[in-house]
Amino acid sequence: MKNLIKNSFVSFIFLISLTNLGNSAETTMSAEGQYIFNTLGFYLGGVLVAFMAAGFCMLESGLVSTKSVSTIAAKNVGKFAITSIVFFLFGYNLAYGIPEGGYIGSFKIWGDETNLDTGYSGYSDWFYQTMFVCATVSIVSGAVAERIKIWPFFIFSALMAGFIYPISMGWQWGGGWLASLGFSDFAGSTLVHACGGAAALAGVIVLGSRIGRFGKKGEPHNLVPYAASSIPLVTLGTFLLWFGWFGFNGFSQLAVGTFDDVNAINKIAVNTHLAGAAGTVTAAVVTRLLGGKTDIVMMLNGALAGLVAITAEPLYPTPILAMVIGAIGSLIMYFGTKFLEAKHLDDVVGAIPVHMFAGIFGTLVVPISNPNTSFGTQFTGVLVVCLFSFILSYLIFKVLKASIGLRISREAEKLGTDVAEVGVKAYAIRD
Amino acid sequence: MKNLIKNSFVSFIFLISLTNLGNSAETTMSAEGQYIFNTLGFYLGGVLVAFMAAGFCMLESGLVSTKSVSTIAAKNVGKFAITSIVFFLFGYNLAYGIPEGGYIGSFKIWGDETNLDTGYSGYSDWFYQTMFVCATVSIVSGAVAERIKIWPFFIFSALMAGFIYPISMGWQWGGGWLASLGFSDFAGSTLVHACGGAAALAGVIVLGSRIGRFGKKGEPHNLVPYAASSIPLVTLGTFLLWFGWFGFNGFSQLAVGTFDDVNAINKIAVNTHLAGAAGTVTAAVVTRLLGGKTDIVMMLNGALAGLVAITAEPLYPTPILAMVIGAIGSLIMYFGTKFLEAKHLDDVVGAIPVHMFAGIFGTLVVPISNPNTSFGTQFTGVLVVCLFSFILSYLIFKVLKASIGLRISREAEKLGTDVAEVGVKAYAIRD
Amino acid sequence: MKNLIKNSFVSFIFLISLTNLGNSAETTMSAEGQYIFNTLGFYLGGVLVAFMAAGFCMLESGLVSTKSVSTIAAKNVGKFAITSIVFFLFGYNLAYGIPEGGYIGSFKIWGDETNLDTGYSGYSDWFYQTMFVCATVSIVSGAVAERIKIWPFFIFSALMAGFIYPISMGWQWGGGWLASLGFSDFAGSTLVHACGGAAALAGVIVLGSRIGRFGKKGEPHNLVPYAASSIPLVTLGTFLLWFGWFGFNGFSQLAVGTFDDVNAINKIAVNTHLAGAAGTVTAAVVTRLLGGKTDIVMMLNGALAGLVAITAEPLYPTPILAMVIGAIGSLIMYFGTKFLEAKHLDDVVGAIPVHMFAGIFGTLVVPISNPNTSFGTQFTGVLVVCLFSFILSYLIFKVLKASIGLRISREAEKLGTDVAEVGVKAYAIRD
């Protein structure tokens, strides 16, 4: 709960002005009222962020080729379930049971620890935070699509939700050493997005590219054999992610029940929305100018990159600055996508440029608007979290590859993961 | 509004602790504040449960074959409209106008009876409860798909929303004889889900199976002529249902505006989410072990079965118990689906195992966690509601069959319901 | 914030009755509590109305032919972004910076003008109002689909969001001359829907119809070359619009934090829902009786027409009257669609009959239930806003046509806008 100096002054004026309002016996909120608002806020935020799970699923379902869509659906709903259970069993206390300034929390099952001092229900906090884990793991799912086996992916998801994400997240949001250092990441440009993106990069490297995805030279996104199966689903998914972001960033204020908090939530909503808007327009202009066509997939990833970039600090910037940050995030995504293609790194949905590259950028520029941060500390935080996530993910993927196997067979890949792994074709549309 | 003994003690401690908080003149919520919270809760809950209408529609659209999709859409949006109007004209007062311990309410149009004693707006209650009727009737829609005529289905929907559901629901939630007996069904495992599932069973029996659906032996779900038209839509539908469930179970607490109530809502959200998660994982494991493939359709129905099972009592169980209940609900769904196929009962979307079988299970196990209930009473409630719904639905379907006809002609069925009944093909996707 | 005489009396009784409730120190809400409720209301309303952007996109994606779907997606997400930015830069102060009874506001960038007198955060108001602009421009998008160039459409969107909509909206909601005259349009049957519909009509006239859309005689909606690509997406879009409408109409009450306001929001939700329901059923009956089939597209447009019609006055009517208004709105949509087809005006999605015709009707009948209005004033408001929007839009489309060009070439139209303009095919679904 941030009490900004500027806002405190406004509050003071506000309280004075309130004494003129007739039908109120008291000018300030009761403590029970604050508790209810805060708890309801986590609930509403959790539901909104839950929509992001559907958003990721639709976006990925639409971007993969027609023979991998059922598998994406199975991976997304399975991951939504597995990560929630694992975060309940291990993750939550590993993140929040950390000693102040420490490195790791405690290994125990999350319990109903209603902490009255926090001003909100423990259940509501678990609910809200769980949806963030699901988002983090979702980022990996799309990047490694069309060639990873389902169950090794599920095992990776469990390890990511139970250990990787909670440990590095606890360094900051659990009050660990990064928080003590003065690192700042409001809603997770680094802790969620770059962390997920770095894991995705590890997966893409270990797995290798899809058969025939790259020729001698880099080839464009919607290559015939791997053409996106459904652009409307990609668009729907992006819209759902965008709306979910209002909960993701807004309720990361972690309180609703005061004048300052509810004002902050709404400033965050405005900045978040405008950053996404600027990212969209930037990608539209860039693809039109550089490629001749107005590329819808780039527009959608531009929106997401803008949203990722503003996530590290959606409260301090003016709306104009928020738009600038969103626009640059989108540019970084565009050139990052080209870079990965040139390197023959096969990120099916563009998760790495959207979440990792734009997330790193957004975290690094926090000091431009937030006077309590420094570029050095931001750089440290980004570097450590990305390395931690990348290295652990790389090791896990390597171990999975060497043990139970990570990638489906060439024959299975030609049949498609839907036939090989799920046994249910995604579409049976005929005239 | 349940005031649990445990929570009351916590509240007491809470109120004492609150006296230490500085910026609050009064520690408890004002009565107007409570009223606003409660009323806003019904509004938000109603909007979330409304999303379930879209969820059912997408789930059913994706599971039926390509030539019955427009019809499913027409049935779902038509049913959403018709049931709301009928519940306004007859249903609401039939349910809530019941004398204490009685059997049937009053036949009159719902009016703006703002009852100040309830602590919330009458409009908000109607809005919330109406979305439950829509959910109940939706359960029937999918089971009888691909061969029922649209208008007889609409007539059945009107009778179900106007009479069957309100009467048996009033026995419990209207304060009728089941409530007096001590039956307990928090958000409707029986009153909504098993009731809808029993009606679906009646419909499936009266209609018979789709042409060629069953050979000499039971055949697998995604049989070629009736292959699911779109797995991503089934997945989207399931996600929308899952999110809607947060409103369905959470706001069935029927109040928001106290410390105890808002805590209860969030405990319910956690239990609901984890039961759905456990149901998903269980179905993934079972299908992988028994069938070799990780069946996405079973995973999605497993999620729903877990959610249905926890609906009778989402507040008392620990999260661990909630997961166990969800997992068993999923198993029951799985074997129930096989059972129906073996009996050549053609439930197109698995509505009967998901909603009826898992709903019965969830209601019967309430006494495990809720000390105010007994197995005998739970059994009585389940039996009576299911029989009431099944028998009345069976009679209505029989009368419709004998009068205006219930099933489309063989020629129409071969053309598909979209061409025969709606005149609009669902898809015109070509290269 | 409307304080109705009737409700004030109820409030008085309510406050007396509250004195009997035990656990409340004060009976009324604190001023800070009111502020939080109001601000949270705008936030929640904004998120719900944002879902309408996805709703319009899905509806239009499903109704256009398969070769224009990516373009619709690009137009919708691009428009969502552009209109938000332009409304931030020009529109908001043009609408709300208007002098009382005046004609135009001020040309300046919207700033963080937290106006304590309003009782809610300025950011929350901007967020909510912005989503209304997005809805207004969306109405145009569908009507002119399949032949307009993307970038001229973006330019038009910017001009509509920056100037046309804000100026005429400011006449009423900004406190300009229409408000002074006594015009009444609660949530925008005219200011949003008819305004958008009139702009769509101008676009359709200037552009002309799609190649081969009309033969010598008017032909039915789902003509083979322009068959709707996906009915489930149309249905999903309509559901999302319907749910968004609960925010659109409900939070147009502009306050949540009193007994009267939260009651009003819920009465509005009930009336809005029932008007949409009646519109759906009416279209189902009419198409079944007149055409033999139960036309799903007409049902969905009937739902929307009912929702549009009630939007001008969702608070005063009884639920029965709301249903009558919704039903007539649906009839007007049906015959309006036939009228446009007969005139060879090619409105791809039926935006003009749904939004303009039903919107005009809804605004004109406000005096039936709202005693503070007159038919003469309502007629004046409708006429002036529609003419203003139509004439300015017509001029803009004409200028665009004469300068950079408005319509794609015949060759491009035959290839489809997706190939010609976006370079990404919408679907790659194959067995």
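Chains as they are written, first to last, in this note's numbering: chain P, 1 to 431; chain Z, 1 to 431; chain S, 1 to 431.
In this text, a Cβ means the ideal position worked out from N, Cα and C, and glycines have one as well.
Nearest residue (CA-CA) to residue i, options the options
i: P/Val47; options: P/Phe251, P/Ile408 and P/Val308; result: P/Phe251
i: P/Phe183; options: P/Leu307, P/Pro371 and P/Phe390; result: P/Pro371
i: P/Leu40; options: P/Glu100, P/Ser121, P/Ala31 and P/Trp110; result: P/Ser121
i: S/Val281; options: S/Asn263, S/Asn301, S/Gly291 and S/Ile268; result: S/Asn301
i: S/Leu304; options: S/Phe397, S/Glu341, S/Ile328 and S/Lys108; result: S/Ile328
i: S/Pro314; options: S/Glu341, S/Gln253 and S/Phe163; result: S/Gln253
i: P/Val142; options: P/Thr118, P/Glu100, P/Phe163 and P/Gly62; result: According to the sequence provided, residue 142 of chain P is Gly. The question's Val does not apply to it. Cα-wise, what sits closest to P/Gly142 is P/Gly62.
i: Z/Glu100; options: Z/Ser68, Z/Gly170 and Z/Ala158; result: Z/Gly170
i: S/Trp177; options: S/Gly381, S/Ala54 and S/Phe51; result: S/Gly381
i: S/Thr235; options: S/Pro367, S/Val77 and S/Phe56; result: S/Phe56
Beta-bridge pairing of residue i - partner residues as DSSP gives them
i: S/Ser230; result: Z/Tyr427
i: P/Ile352; result: Looking at the DSSP assignment, P/Ile352 forms no beta bridge with any residue, so it has no partner.
i: P/Arg407; result: P/Ile148
Spatial neighbours of residue i in its chain, beta-carbon cut-off 6 Å, leaving aside the 5 residues before and after
i: Z/Lys149; result: Ile408
i: P/Ser393; result: Ala199 and Ala202
i: Z/Gly97; result: Gly105 and Ser106
Reduced DSSP secondary structure (H/G/I, E/B, other) of residue i
i: P/Ile139; result: helix
i: Z/His193; result: helix
i: S/Thr294; result: coil
i: Z/Leu400; result: helix
i: S/Glu100; result: coil
i: S/Val64; result: coil
i: Z/Trp126; result: helix
i: Z/Phe335; result: helix
i: Z/His344; result: coil
i: S/Phe361; result: helix
i: S/Glu32; result: helix
i: P/Lys108; result: coil
i: S/Glu313; result: coil
i: S/Val281; result: helix
i: P/Asn20; result: For P/Asn20, the pLDDT reaches just 39, beneath the cut-off of 50, and the residue's location in the model is therefore unreliable, although a value from the coordinates is still provided. Correct three-state label for P/Asn20: coil.
i: P/Leu254; result: coil
i: P/Trp245; result: helix
i: S/Trp171; result: helix
i: P/Gly182; result: coil
Residues near residue i by beta carbon distance below 7 Å, same chain, minus five either side
i: S/Ile310; result: Asn271, Thr272, Ala275, Ala322, Ile325, Gly326 and Gly362
i: P/Val192; result: Phe132, Ala135 and Thr136
i: Z/Trp110; result: Phe88, Tyr92, Asn93 and Trp126
i: P/Asn38; result: Gly119, Tyr120, Ala255, Val256 and Gly257
Residue i versus residue j: straight-line alpha-carbon distance, rounded
i: Z/Phe90; j: Z/Pro166; result: 9 Å
i: S/Lys401; j: P/Arg288; result: 20 Å
i: P/Ala428; j: Z/Ser230; result: 7 Å
i: S/Pro334; j: S/Gly244; result: Per the sequence shown, the amino acid found at residue 334 of chain S is Tyr instead of Pro. C-alpha separation (whole angstroms): 23 Å.
i: P/Phe186; j: P/Gly376; result: 17 Å
i: Z/Ser24; j: Z/Gln129; result: Summary for Z/Ser24: the model assigns pLDDT 40, below 50, so the residue's position carries little reliability; its value from the coordinates is reported in the next sentence. Roughly 36 Å between the two C-alpha positions.
i: S/Leu307; j: S/Gly279; result: 8 Å
i: P/Pro319; j: P/Phe259; result: 20 Å
i: Z/Phe42; j: P/Gly416; result: 46 Å
i: S/Thr28; j: Z/Ala31; result: 6 Å
i: Z/Lys398; j: Z/Ile164; result: 16 Å
Spatial neighbours of residue i in its chain, beta-carbon cut-off 8 Å, leaving aside the 5 residues before and after
i: P/Glu421; result: Thr71, Ala74, Lys149, Ile150, Ile408 and Ala412
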